[in-house]
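Okay, so here's the structure we're looking at.
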Amino acid sequence: MSDQFDCALDLMRRLPPQNVEENLTKLFDLVHPSLVDDLLSTIDQPLKVKVCPKTKKDYLICDYNRDGDSYRSPWSNEYEPELPDGLVPSPTLRKLEVAANEAFDTYREMYYEGGISSVYAYDAEDKFVVVVLIKKVGDGARRMKGAWDSIHVFEVQERGRNAQYKLTSTIMLYMITNNQELGNLNLSGSMTRQIEQDYPVDEPAAHIVNIGRMVEDMEMKMRNSLQEVYFVLASALAACTTVLAQGAIVRTHSISMPYIDDELQNRWFDFAGNTIINTNHQIRLTSTKQSQLGYLWSRLPLIGDNFQIEVEYKVDGASGHLYGDGFAMWLTKQRMTEGPVFGSVDNFEGLGVFFDTYDNERAHRHTFPYVMAMLGDGTQSYNNDKDGSDKELAGCEADFRAKGFPTRARLTYHKNNFLQLELVWRNEDEWEQCFKKTEIVLPEQIYLGFSAHTGEVTDNHDIISVTTKTLQPAAKEPVYQQQKLKKSSSSGGGVLSVLFKIICAGGLVGVLFVGYRFYDQKNRMKRF
77 MSDQFDCALD
87 LMRRLPPQNV
97 EENLTKLFDL
107 VHPSLVDDLL
117 STIDQPLKVK
127 VCPKTKKDYL
137 ICDYNRDGDS
147 YRSPWSNEYE
157 PELPDGLVPS
167 PTLRKLEVAA
177 NEAFDTYREM
187 YYEGGISSVY
197 AYDAEDKFVV
207 VVLIKKVGDG
217 ARRMKGAWDS
227 IHVFEVQERG
237 RNAQYKLTST
247 IMLYMITNNQ
257 ELGNLNLSGS
267 MTRQIEQDYP
277 VDEPAAHIVN
287 IGRMVEDMEM
297 KMRNSLQEVY
307 FVLASALAAC
317 TTVLAQGAIV
327 RTHSISMPYI
337 DDELQNRWFD
347 FAGNTIINTN
357 HQIRLTSTKQ
367 SQLGYLWSRL
377 PLIGDNFQIE
387 VEYKVDGASG
397 HLYGDGFAMW
407 LTKQRMTEGP
417 VFGSVDNFEG
427 LGVFFDTYDN
437 ERAHRHTFPY
447 VMAMLGDGTQ
457 SYNNDKDGSD
467 KELAGCEADF
477 RAKGFPTRAR
487 LTYHKNNFLQ
497 LELVWRNEDE
507 WEQCFKKTEI
517 VLPEQIYLGF
527 SAHTGEVTDN
537 HDIISVTTKT
547 LQPAAKEPVY
557 QQQKLKKSSS
567 SGGGVLSVLF
577 KIICAGGLVG
587 VLFVGYRFYD
597 QKNRMKRF
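In terms of this note's numbering, the sequence shown is residues 77 to 604.
This is the structure we're talking about:
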């Protein structure tokens, strides 16, 4: 009988978690009737959402807040349907439960940017149990949808001024994609892990800190495991397709979610300043706060005569306010040096591409936002008062700010041949040429970087992903084409904005959002 039970559990782990109820019903027809109750109590099911009648706030339901056919709200401490003699925590434990719900509600909103969380506590003989539930559902934005359900069960045994925490965590994940990067994929699965840890408890509130720390660490580890199991193979397939079709991806100069490893570092990139990393959304160079500066730089120089860099980025902020200043993309011999040019050093040697959202001079013939390139020789200064127009290599109008779809830039370089910038800003997946300049030579051994700063005006400046590829040498541009391009190098953008659909923040769903802020390379901040 035990073999049948183990086989049933193993089978359920391999089936899509979003269909667990349907699969359980079918499974009950196959197993011995005596195993039904054990399977129901052992197999975790996706979390469901209810609304508290008293507070009108959403909460999650599962067996841990269930009594008969009623579920207890963590907000009101009352059962729905009403159950007068339902099990409730002791007054001391209820106080802890209320504080934990408030803490995790703030944590989830900051680092999951949505979703629902609930915390339940109850007494169990000489110990107590705390259950932390987190659910995030994707909305189908960027042609991805899915859900992440995590259930963290703590058995807490107090021992004087210390406490032992036995944590059992289960994560259920499914993701369906239909986009260019990954194609059509349907990935799903679940994972359970267990750990024990002792922590000091100087006051009751210390339990929340300890539980929060363990939840964060466990979700980080399980996310990485799920990524290795499910996503690495998918990424490898996509990478192979890309290599065959367009050239090899340069891993040392490419970065994408989750951006950092278990040590909160990236092997190939450095982050600094006010940069905030949200592992499932973006690298935020600056937030909507004044006098911020943040940057992202490759650790190794980019060596090659023919390459292409594609960047997905996002610039937005609160509506109805003045915004600025924009961000810069760099291919320079200098790196990681703060300065007045979009947060980076002036008198640079190499290429700067500036995504400028604020008009300082007020006398330009073009509108803003404006994208322009400058080729510096180490002695030329970028004139902020003129928005760099006196040193402009080429540029175009591009209303890339606050779009409801991914905005992208693609820089293509062939040494001694041409430098081309293409943008996606007018319509989703529609590339437009911003400029193309011939006979361009960049310095040897240049670093790839991105930087942004805010002054009196502010904006969120986000880097979503960077993909660098090597290219085969391109055919030399004919002379007549070069002359034609010289006449139109500043064209490529429009003046009028287009209204686009609004999509909810989400992107890839289900993966733990870890906000991580770098005040400098040695200063780190933890949430719990």
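Heads up, the beta-carbon is just placed ideally off N, CA and C, and yes, glycines get one too.
Rounding to the nearest angstrom, what Cα-Cα distance links residue 180 and residue 148 in this structure?
18 Å
Mapping DSSP to helix, strand and coil, what is residue 386?
strand
Round the Cβ separation of residue 241 and residue 275 to the nearest angstrom and send it over; I've been treating them as touching at under 8 Å.
7 Å
Which same chain residues, not among the five before or five after residue 129, have their C-beta less than 7 Å away from its C-beta?
Spatial neighbours of residue 129 in its own chain (CB-CB distance under 7 Å, excluding positions within 5 residues in sequence) are listed in chain order as 156.
For residue 124, which residues from the same chain have a beta carbon less than 6 Å from its beta carbon, with the 5 sequence-adjacent residues on both sides left out?
137
Report buried or exposed for residue 273, applying the criterion of at least 16 other Cβ atoms within 10 angstroms of its Cβ.
exposed
Which first and last residues belong to the beta strand (DSSP E) in which residue 500 is found?
494 to 500
With 16 other CB atoms within 10 Å as the buried threshold, where does residue 97 fall?
Exposed, because fewer than 16 other Cβ atoms sit within 10 Å of the Cβ of residue 97.
Can you round the beta-carbon distance between residue 424 and residue 408 to whole angstroms, since I take them to be within the 8 Å contact cut?
5 Å
Using 8 Å as the threshold, is the C-beta distance between residue 487 and residue 497 below it?
Between residue 487 and residue 497, the C-beta spacing is below 8 Å.
Can the beta-carbon of residue 495 be found closer than 8 Å to that of residue 522?
no
Verify whether the separation of the beta carbon atoms of residue 195 and residue 213 is less than 8 Å.
no
Which two residues bound the contiguous beta strand (DSSP E) that contains residue 404?
Counting along the chain, the beta strand (DSSP E) containing residue 404 begins and ends at 402 to 408.
Classify residue 451 as helix, strand or coil using the three-state DSSP reduction.
Reduced to three states, the DSSP call for residue 451 is strand.
Residue 479: which of 526, 223, 390 and 134 sits nearest, CA to CA?
390
Name the two residues that bound the continuous alpha helix (DSSP H) containing residue 286.
282 to 302
Between which two residues does the beta strand (DSSP E) containing residue 359 stretch?
358 to 362
Going by DSSP in three states, residue 486 sits in which element: helix, strand or coil?
strand
Can you say whether residue 359 is buried or exposed, counting buried as having 16 or more other CB atoms within 10 angstroms of its CB?
buried
For residue 537, name the three-state secondary structure that DSSP assigns.
Strand.
Between the alpha carbons of residue 291 and residue 101, how many angstroms are there, rounded?
31 Å
To the nearest angstrom, how far is the alpha carbon of residue 284 from that of residue 547?
52 Å
Our contact map puts residue 420 next to residue 531 with C-beta atoms below 8 Å; I'd like the distance itself, whole angstroms only.
Incorrect: roughly 15 Å between the Cβ atoms, too far for contact.
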